[in-house]
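A.B. asks: In our numbering, the protein residues as written are 69 to 229. Just so it is clear, CB atoms sit at the ideal spot from N, CA and C, and this is done for glycine as well.
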């Protein structure tokens, strides 16, 4: 991790957020689309972290009221993800959404999500992959990995915590 500069939220264009993800994300490529993106910059205005928020990948959650944080990436700056998870939820609520979810992979602690008040909803087993005879797809290196489903804090989750 790098030093703990004073971070502040900045608008970031989707293309720039995707370029940042391509450079800094450990195991995923940038997502194909997003509803919005948000960034965190240091006191010198240097972009240090980004979050991309889009429609849920799982069709069961794509109900018009739910968004998913599909990617976050940092250059290693401390507290960048926590700042962005909180900002993404405030922005989603301001746009009228009532739920925000995300996933972590096995081996990721979820510390940034817990720091932002998110809670675990479910543990998901590894996927077989997305390849099927009717729609062949290459393995992207992240299949066959267990995942944890998280939800942003809601009034009911705060009272039950």
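Looking only at its chain, what residues have a beta carbon closer than 7 Å to the beta carbon of residue 88, apart from the 5 residues adjacent to it on each side?
C.D. replies: Walking along the chain shown from the start, residue 88 turns up at place 20. For residue 88, where only same-chain residues beyond five positions count, the Cβ hits under 7 Å are 115, 118, 141.
A.B. asks: Note down the Cα distance separating residue 219 from residue 169, rounded to an integer number of angstroms.
C.D. replies: Numbered from 1 along the chain shown, position 151 holds the residue referred to as residue 219. Numbered from 1 along the chain shown, position 101 holds the residue referred to as residue 169. For residue 219 and residue 169, the distance between alpha carbons rounds to 4 Å.
A.B. asks: To the nearest angstrom, report how far apart residue 229 and residue 137 are at their CA atoms.
C.D. replies: The residue given as residue 229 occupies position 161 in the chain shown. The residue given as residue 137 occupies position 69 in the chain shown. Low confidence applies here, because residue 229 scores a pLDDT of 39, under 50, leaving its location unreliable; read the following figure in that light. Roughly 22 Å between the two C-alpha positions.
A.B. asks: How long is the line joining the alpha carbons of residue 102 and residue 82, rounded to whole angstroms?
C.D. replies: The residue given as residue 102 occupies position 34 in the chain shown. The residue given as residue 82 occupies position 14 in the chain shown. Each residue's Cα considered, the two are about 7 Å apart.
A.B. asks: Helix, strand or coil: how does DSSP classify residue 163 here?
C.D. replies: Indexing the chain shown from 1 puts residue 163 at position 95. Correct three-state label for residue 163: coil.
A.B. asks: CA-CA distance, residue 143 and residue 92?
C.D. replies: Sequence index remark: in the chain shown, residue 143 carries index 75 (1-based). Sequence index remark: in the chain shown, residue 92 carries index 24 (1-based). Taking the Cα positions, residue 143 is about 6 Å away from residue 92.
A.B. asks: Using a 10 Å radius around the Cβ and a threshold of 16 neighbouring Cβ atoms, would you call residue 69 buried or exposed?
C.D. replies: For the purposes of this step, residue 69 is taken as the residue at position 1 of the chain shown. Interpretation of residue 69 is limited by its pLDDT of 49, a score under 50 that renders its predicted location unreliable; the figure taken from the coordinates is listed afterwards. Result: exposed.
A.B. asks: Report the option in 79, 90, 104 whose CA atom is closest to the CA atom of residue 20.
C.D. replies: The chain is shown only over 69 to 229; residue 20 falls outside these bounds and no answer can be derived.
A.B. asks: When burial is assigned at 16 or more other CB atoms within 10 Å of the CB, is residue 179 buried or exposed?
C.D. replies: In the chain shown, counting from the first residue as 1, residue 179 sits at position 111. So residue 179 ends up on the exposed side.
A.B. asks: Taking 8 Å as the limit between beta carbons, can you name the residues of its chain near residue 192, skipping five residues before and five after?
C.D. replies: To locate residue 192, count along the chain shown from 1; it is residue 124. Here the set comprises 171, 214, 215, 216, 217.
A.B. asks: Excluding the 5 residues flanking residue 184 on each side, which residues of the same chain have their C-beta closer than 7 Å to its C-beta?
C.D. replies: For the purposes of this step, residue 184 is identified with residue 116 of the chain shown, where counting begins at 1. 150, 153, 154.
A.B. asks: Which residues does DSSP list as the beta-bridge partners of residue 136?
C.D. replies: As a first step, residue 136 is located in the chain shown; it is residue number 68 there, counting from the start. Note: residue 136 sits in a beta bridge opposite 122, 169.
A.B. asks: Nearest CA to the CA of residue 106: which residue from 189, 175, 165, 159?
C.D. replies: On the chain shown, position 38 is the one that residue 106 refers to. With distances taken between Cα atoms, residue 106 lies closest to 159.
A.B. asks: Just reading off the alpha helix (DSSP H) that residue 92 is part of, what are its end residues?
C.D. replies: Here the question's residue 92 lines up with position 24 in the chain shown. That run of the alpha helix (DSSP H) goes 82 to 92.
A.B. asks: Using the beta-carbon count (16 or more within 10 Å), is residue 174 buried or exposed?
C.D. replies: Counted from its first residue, the chain shown places residue 174 at position 106. Residue 174 comes out exposed.
A.B. asks: By how many angstroms is the C-alpha of residue 201 removed from the C-alpha of residue 77?
C.D. replies: Here the question's residue 77 lines up with position 9 in the chain shown. Here the question's residue 201 lines up with position 133 in the chain shown. Answer to the nearest angstrom: the Cα atoms are 44 Å apart.
A.B. asks: Nearest-angstrom Cα distance between residue 176 and residue 95?
C.D. replies: Position 108 of the chain shown holds residue 176. Position 27 of the chain shown holds residue 95. Straight-line measurement puts the Cα of residue 95 at about 12 Å from the Cα of residue 176.
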